[in-house]
Structure formats: structure tokens, C-alpha cells
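Residue numbers (this note's numbering): 17 to 792. First the structure, in the form of C-alpha cells, and then the observations on it.
Structural data, given as C-alpha cells:
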């Protein structure tokens, strides 16, 4: 009995002894006869295996028919070339930049054979046997350079997130951590599509490594596909509706469509890739990206190429050899890394590559900087669907001191404190905002039934507290002047009663000063002047005499700001609560009389439809030309709040609004994000700023197939004088006398007695030397 390993070793020995010229013309029958003589056995049943070994060592014979995935042919099946990134600079949002990547296809000459670079084989545990480097025969590819051990990554378990790969102590020198783009820029485009691979190289680090999940077709051709089951990542159910099968995958009966049932031509010519993670945009599915072969991806000329083999055992059960394919393809293209969760597969190929020991740590990644800049160790690389983010983290945000001065812009204004981390308007949220570097701590002012001012994000307690589960849920009322639906409002409860409630997701008490956007309603219906109460509270706290602490009062009502300006010297900010594309001269002149700054929403600067930016307006420059500072609201870290053009990256969004649109400040749930942006290490590089730190340009929507483009966005209105000018606030109504004959005394702006969060306490203890932004 002779093993396949012994046969493979003997084939290699025979070809080596024969010399280059004889080996090149060796026939399968001749090699079989020599092996039979050597082993004294009938090996005719091993002829196919021996043929594979000869092709592996010498390279396959020239194809007799067109191979859809041959490396010297153009990309197959491009039904919408106008939407391809390659060769279409105008379609690229980054094409205007001087250091824009040229991603035009660069094909090797026909029949060229590339010398494979040393390959690092990775697995989730150290391989149990010593690795000895075996040079390949010189007859076909020439000698290999000595392999350099690089302790790198692993195979992923769940593909929609980021993974850490292999750690090293900080004391060990070396290059920056690697960035591995899983399936290209698969956080935006369909995984393993041509535009995903090209975009990853275009906007990410120039050292980005491309990752291919290798699958095998029925005829043994390797393709890049994120899943073994093609049901969710391609449109194959539509093209082959009767092709569904049930196979055992890792011991689990799995229903779906599998590449082992189709020849490469069936897939390349009829099936296209789709977005396999449904929380991401599907608008690029209609570009009908063809499935790419392993050799097609090498044509993009990445700095490194990574093959991940997830299901070698499955293919072996279907009489396909992943080992033969990987060894064969490594003769024709440069493969830098190979990973797999199956030790048997890695053991079968390791002698063909490097003799170094494999070191591997597999760990899910929540924050890049925790793994590349934590003071104790740094990983050697990260695997990600969004390669632009680790490029920023490694290139511009690592090794930054929290005390570094950085940029002067933007001004950072919290939104209900650091409400992206803690419930808004709680002690924890405000303290976190201060710790994160906010310049201004906001206080949305509301009023209680007994006239106490408190900081709460909404006048409706149902939105922020557990009031509906309390004894006060019977105080439900409908007030059309505030909202059309019923609510339980702050002025329906006393301050003591509000203190008994809990924030919706926290056990901490509600803080204070209070939000109120309804000054006219309060004056007419409740006989309460919120503007007078705010001015009085600030004066009582000493803020009217402060020189180190700046106060800004914001309102979406010009009448409120006009009154405050008549009585104080605080800075005032006018909030435009509708989306606009411009402001006419009359409105600018009027705003200038009462406001120092204006806050506008993101849609007013970068209008978007179905998540894609359509254009950039000139409203920021228009307002600034009138001497009015511009602050944008509301910035959040959650990708669902961002346009797809920002690549699900809040730092790209901040960069684009500050550097691309030129805003003076940001209002954000995450002050720490804006603060870290101000301190980034690439802030003053000028023309040497890396491409991944440039503001994005409008144009991603142009990559969508016209057949499924989002509907055109109606033009946004222009802010005019009628939108700004308001009648003066009405006088405060006189409350009717009580049954005892006296009128109700005016409410106090300060609570009386008890453990209460007073105005002086919350502003001084939280604001420290920062400014305060009051919303009324």
C-alpha cells in the first residue's frame, strides 16, 4: 500500500532528476510506469492524481478553449461598464485627488508564469509538526526566496464584523499592522465584487491586502465567494430556481445553492453577486457584478493577496481537491497568505510554502485602537469589511496624546451630554461629555408644574422616562400646540414627582436646567415666562459676570432670541429646524441682528435620498459670508444615521463636514469622536494628507445602475425672511385668583428643599471651565 503523499513526493523526485527539458515533455503514462516499477504496484487507478501532481509542478497545459477565469483575459461579464470604477475617473468620488489610485486593469502577457512569493499559512492553533521548507523544482518557476516568518491572521467565524489578527509586544519593532479587506470594501459593495476590491485599494491604505474566500466549482475552478451557500450572496435562486440542494456542511444539513453543482461558465455567465448582509445597502446589486475567479482578483495588483479556505473537507467529500487548486494557482499568481480552520488542509500544503511556525490569535474586534495602540501590545493586522477605518486608525489616530492641541476646529457642542453613551441629560452623560472634550455642554430647558427649570431632552416625559409605568400615567393629555398625539408633559408633574421617575435606560436621576421650545405657549396658557426664568437663573448663578465661561442660548424661535438679546449679552444661536439649500439676503440680514451663529441639519449641507448623497449645497458658505458661524446637527456614531457615502465611519463624516463643507462646529451625541478627530496626527499634512483622510466627494450614487437609482430628491427650499421673522412673544397671562381670593404666586426657578439638582450645581460642577449651551 502506498500513500498519496509518497506518490506526490516520488513524482516530484522523478521530474527533478529528469531535468527541465525532459520534465517539460514528460507524459502521464510514462511517469505512471516509472512509479509502478519503483513501488511494484499497479497504479493505473492513480493516473488522475498523478496527472494533477505533474500539472501542479509544471503548470497545466495551455487551455484549448476560453477559460472565463484565465489570468490573461479581461474581466468576464461586464454588462454595465459605465458603472465600473476601473477606467472611469469621473465616476470615482476620489478621482479629483492628485494621488488617486490608477486601478486600470494591468494584465500579464499571455501564458506568463509568475513566481510565487513566500506564503504565510495561518490557522487557529499552532500546527503540530515541524515545518521544513522544500524548494519547488526549477523546471517551471525557478527557485523560491527564503521564506520570512510573519505571524499573522486567522480564519473568521462571522464575516460582518472586524477581526483581530495575531498580537506582538510593543517592544518588538516592525511595520504597521496590516489591513486586510475581506472581500474588498464589502461593507458597501457586494462581497468579492470587482468594485469592492477596487474601491478598497482606492480609498484605503496603499498597503491594503485583499482577502478572497475560495470556493470550488464543479469543474475544479477556484472562485471568490463569501459563503459556501450562494443563496444570500448571489442571485442564483432567480437564475436556477430548481437548483436548491441539501448537503451536510460541518455535520449540519444545509439547504441552498452550492458551487459544486455548477461549472464555472454557468456561474460566470449567468449569476451575479449581491449584498449578503441585509442591513447594508442593496442598491449596487443591480450592477450585476460577475463572480470573480481567484486569478481575476490578482489582476488588481494589491500589495498582498490572502486566500481563505473555509470548507476543504466539504470539497473533498465532493471529489474536489482544494489542495491541488491552491498549489496550482500559487504557480501562476502571487499568493501571500493562506488561512483555514482545518488543520488537515494546512498540513497538506505547508511543506510547499514556509517552514516557519504559525502563531495566531483569533479575537473579535470592537475598537481598532484597543488592539493597535493600547500600551501593551499591537496586533499584526486586522481583517475588515471597511478597510478605510483601520487605515485611519493606524495611520492617523494611533499614539495620540489626549492632551495634544490638534486642530482648532470644529467647535464641539454636546447633544444632551454624551447621550450616545449614557441616557441624555443625566449626570453621567454630562460628565462624560466634559471628559470627552466637549467645548459646550448643552441643556435643553423644560419646565415642571411648580415652575422648576430642568434639563431634559423632550418636553414629553413618555419619550425619556418610565412615566407610563408609574402612578402618573393617568395624566395623559393632548396639546395640539405642542404635538398632535397624547403625552405626559413636564409641566404636568412637579419637580419632586419627576425626580421619582427613571430615565428610560438608566437608574440615574434627571439633571437640570430644563428644555422648552414653546415659550409662547407657556406664556399664554401657563402664565410662565421661560425666557425670564432662564435669564434669572443664569444671573443668580453668576454667569452674567463670567469671563472664563461662555454661555450660548439657542432657540428655533427668533422672537425668543430677540427678547434675550434685549436683556443680556450672551451669545445667541438660531436653530433652523427645516432642511434648506440656501438663504436669501433678507433672511441673512435679519438673522444677523439677533444671532451670532446658526445651526442647520446635515440634510441642508449634503442632501441625500435613500441614504446616498445627491449634491453639496452652498448654504454654509452663504451663511459664513454674512458673518454668521455655522454649526451642523446631529452627528451620531451609528451607521444608520449616516449617508452611505461616509462608509459607515463617523470620522469620515466629521472630516467631510469640517474640511469638505467648512462648518465651524458640530452638535453631536458623541463628543469624544469629534474631539479625537481634532487631535488626529494627519491634521497638518497639507498635500501629503493620505487619501483615507480626505473628505469624500459626491458621486457614490453614480455607481448605482440607472434602472434602480433612487428617486430624484425634490429641491430643498430657500430660507427667506418670512421663515425667520416672528411677532414678539406674547405677554405672560395673569393666573386666575385661587379660591382664597389671592393670585397664585409666580413659580420659582429654583427647587425648594430636598436632594435636588440646582442650576448653580449642575452648571458649575459639570461645565468646569467650559461653555454652556442653553436651549429654550
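Glycine included, every Cβ here is placed at the ideal spot set by N, Cα and C. Source: prediction; values computed, not measured.
- The Cβ-Cβ distance between residue 484 and residue 519 does not fall below 9 Å.
- In this structure, residue 709 sits away from residue 424, with a CB-CB distance that is not shorter than 9 Å.
- The DSSP assignment places 587–591, 613–617 and 645–651 as complete runs of the beta strand (DSSP E) inside the stretch 582–660, in order along the chain (cut-off: 3 residues).
- Around residue 58, the same chain offers 52 as residues with beta carbons nearer than 7 Å, after the five sequence neighbours per side are excluded.
- For residue 743, the secondary structure class from DSSP, reduced to helix, strand or coil, is coil.
- CA-CA distance, residue 46 to residue 353, rounds to 35 Å.
- Inter-segment contact for the stretch 313–323 and the stretch 294–302 is absent: fewer than three beta-carbon pairs are separated by less than 8 Å.
- Note on residue 386: under 16 other CB atoms within 10 angstroms of its CB, so exposed under the neighbour-count rule.
- With respect to residue 546, residue 569 sits apart: the two C-beta atoms are not nearer than 9 Å.
- Annotated three-state conformation of residue 728 is coil, per DSSP.
- Restricting attention to beta strand (DSSP E) runs no shorter than 3 residues, the stretch 207–282 encloses them at 225–232, 238–240, 261–265 and 268–272, ordered along the chain.
- A direct Cα-to-Cα measurement between residue 447 and residue 433 gives close to 8 Å.
- Between the alpha carbons of residue 391 and residue 653 lies a gap of roughly 25 Å.
- Distance check between residue 592 and each of 601, 586, 611 and 572 places 572 closest, using alpha-carbon atoms only.
- Two segments are said to touch when three or more pairs of C-beta atoms, one from each, lie closer than 8 Å; by this definition the stretch 394–402 touches the stretch 195–205.
- In this structure, the CA atom of residue 228 is about 53 Å from the CA atom of residue 517.
- Segment contact: the stretch 640–656 against the stretch 611–621, three or more CB-CB distances shorter than 8 Å; contact assigned.
- Apart from sequence neighbours up to five positions away, the residues of its chain that approach residue 54 with a beta-carbon distance below 8 Å are 26, ordered along the chain.
- When DSSP states are grouped into helix, strand and coil, residue 449 belongs to the helix group.
- Pairing residue 257 with residue 705, the inter-Cα distance amounts to about 50 Å.
- With fewer than 16 other Cβ atoms from the protein chains shown falling within 10 Å of its own Cβ, residue 702 counts as exposed.
- Taking the Cα positions, residue 683 is about 6 Å away from residue 428.
- In the structure shown, the three-state DSSP call for residue 69 is helix.
- Per DSSP, the beta bridge partners of residue 683 are 429.
- In this structure residue 289 is buried. Its beta-carbon is surrounded by 16 or more other beta-carbon atoms within 10 angstroms.
- When secondary structure is reduced to three states using DSSP, residue 323 falls in the strand class.
- Taking 9 Å as the cut-off, the beta carbon of residue 349 is found no closer than this to the beta carbon of residue 239.
- Pairing residue 467 with residue 577, the inter-Cα distance amounts to about 21 Å.
- For residue 353, the enclosing beta strand (DSSP E) covers residues 353–355.
- Below 8 Å, too few C-beta pairs join the stretch 714–733 and the stretch 444–458 to call them touching: fewer than three.
- In the structure shown, the three-state DSSP call for residue 699 is coil.
- According to DSSP, residue pairing for residue 476 in a beta bridge involves 505.
- Under the three-state reduction of DSSP output, residue 471 falls in the strand class.
- Comparing alpha-carbon positions, the option among 217, 405, 692 and 233 lying closest to residue 655 turns out to be 405.
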